[in-house]
Ligand code: TRP
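Numbering (this note's numbering), first residue to last: 65 to 407.
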C-alpha cells in the first residue's frame, strides 16, 4: 500500500511538473496547494534523477525531491522537467544512465544513495554538470567530496549520518544484555562499510563479540540471516540498500528466531526490524531539492556545503516487539514513534 502510494505520488508529481510547461493551469483537488501558474518567461531546465534501486526509503526521498521541485519551480523562475531513471542496483546500468544524462546535457544530476552518486560523479566529472547527491551516509569516505564544509568541484548534497552510539544505547534499553551481534551488510556499499567500521569500534570498546554476515546481493539475505541468528543474540543492519531491499525476509527470520534486529533507517523498522534512531527522509529529500534549486538559480555546487541531517528520532515496530516479547510500554508518544506495520 505504501509502495502504491509512493508510486501514485511520483506519477502525480511528474504530471504536476509537466504542467509547468503546458499553457493552462490544471485544477487542483481541494486541500492541496494549487500549482503556481506557468510563467511563459520561466527558464526551461532538466534535472536527471538516478536512484540506485527502488526500496521504500529511496522512493520516499525521490517523492520528496520531485514534490519540492514542483512546488518551488515557479517562484524560482524555472520550468523544471524531471527525468527519472532507476539503476536496478547495478553499477553498469547506473554508469550507462549517468553517461546518457551527460550526453543529453541535463542541467543537474540528482543521485539517490551512495553507489548512484559515485556513478554520477564519475560520469559528470569532465562535463562540469553539477551533481547533487541525496542520502549519502559518508560522502568523504565514498570519495565524493574532500570536505563537507567546502566541497569544491561540482558535487554537493545531503547526508544521513548514522548515530551508531544512540542506536546501541536504544538496543541496551530495549534488550539489555545482548551478548553478541551479527552484522549483515553488502561489502560493496561504502555507506555500509563506514557504519560497520564505527559499529565494530563501538562493540570492541564494550568487549561485545560480533560475527560478520557479509552479503553480495539481496538473494543472500536469508542464508546470512539464518547463519547469524544461529550464532548471535541480535542482528544489526547498517544503512545498507541491499539489505533494505530484502528487509522483510530478514525480519521474518528474526521474528521466527525471537531475536531483535536493530537497523539504521525508519523504513527498515516499518518493514519489520525492531528499532532504530534515524533521520526523516522526507525532510532529507526536500533539503536535497532546495540545493538543486540554488544551483539552478546560479550558485556553484562546490560553494554549497554538504548538509548532514541530525534530527534523529527513535522508531520502534510495536508488532515486532510483541512478536519477540520485548516490552515497549515505557515509551510514550514523545519518546518514540511506535509503528505497527508487519513484515
Ligand atoms: N544512506 C544510504 C546510502 O548512502 C541510502 C539510504 C537512504 C538507505 N535511506 C536508506 C539505505 C534506507 C538503506 C535503508 O547509500
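Don't be surprised by glycine CBs; every beta carbon is placed ideally from N, CA and C.
Put simply, of 232, 122, 286 the residue whose alpha carbon is nearest the alpha carbon of residue 268 is 232. Linking residue 242 to residue 128 through their CA atoms gives a straight-line distance of about 37 Å. For residue 312, the three-state secondary structure derived from DSSP is helix. Under the three-state reduction of DSSP output, residue 152 falls in the coil class, being neither helix nor strand. In the structure shown, residue 115 adopts extended strand secondary structure according to DSSP, grouped into three states.
Of all C-beta pairs linking the segment 170 to 177 to the segment 109 to 125, three or more are shorter than 8 Å, placing the two stretches in contact. The three-state reading of DSSP puts residue 381 in strand, counting E and B together. Following the DSSP letters along the chain, one finds residue 245 inside the beta strand (DSSP E) bounded by residues 245 to 250. Closest in alpha carbon position to residue 198, among 126, 303, 368, 339, is 126.
The chain-ordered list of residues whose CB is nearer than 5 Å to some heavy atom of the ligand TRP reads 121, 177, 178, 199, 200, 201, 224, 255, 303, 305, 308, 329.
Beta-carbon to beta-carbon, residue 352 and residue 222 are separated by about 5 Å, close enough to satisfy the 8 Å threshold.
Here residue 192 is exposed, its C-beta having fewer than 16 other C-beta atoms within 10 Å. Minimum Cα-Cα distance from residue 203 among the listed residues 216, 251, 158, 255 corresponds to 255. Between residue 377 and the set 384, 327, 159, the nearest pair of CA atoms involves 327.
In this structure, residue 298 lies away from residue 345, with their beta-carbon atoms at least 8 Å apart. In the structure shown, residue 253 adopts coil according to DSSP, grouped into three states.
Only residues of its own chain outside the window of five on either side were considered, and among them 178, 179, 304, 305, 306 have a CB closer than 8 Å to the CB of residue 253, listed in chain order. Non-local C-beta neighbours of residue 183 in its own chain, meaning closer than 6 Å and more than five positions away in sequence, comprise 158, 159, 162, ordered along the chain. For residue 225, no alpha helix (DSSP H) segment is defined, and its DSSP state is neither H nor E. The three-state secondary structure of residue 184, taken from DSSP, is helix. Of the residues assessed, residue 216 falls on the exposed side of the cut-off, its CB having fewer than 16 other CB atoms within 10 angstroms. Excluding residues up to 5 positions away in sequence, 128, 132 lie with their Cβ nearer than 7 Å to the Cβ of residue 350 in the same chain. Here residue 326 is bridged, per DSSP, to 300, 339.
Shown here for residue 292: same chain residues with a beta carbon closer than 7 Å to its own, the five before and five after excluded, namely 246, 248, 275, 277, 299 in chain order.
Boundaries of the alpha helix (DSSP H) harbouring residue 131: 120 to 136, taken from the DSSP string. Among the bridge pairs identified by DSSP, residue 176 is matched with 115, 198. Residues of the same chain with a CB within less than 6 Å of the CB of residue 379, apart from the 5 flanking positions on each side, are 330, 333, 340, 401 in chain order. Sorting 386, 153, 358 by C-alpha distance to the C-alpha of residue 238 places 386 at the top. Take residue 145, set aside five residues on each side of it, and the residues of its chain with a beta-carbon closer than 6 Å to its own are 110, in chain order.
Between residue 171 and residue 189, the alpha-carbon positions lie close to 14 Å from each other. According to the DSSP assignment, residue 207 belongs to no beta strand (DSSP E), since it is labelled neither H nor E.
In the structure shown, residue 190 adopts helical secondary structure according to DSSP, grouped into three states. In the DSSP assignment, residue 139 forms no beta bridge with any residue. For residue 242, the three-state secondary structure derived from DSSP is coil.
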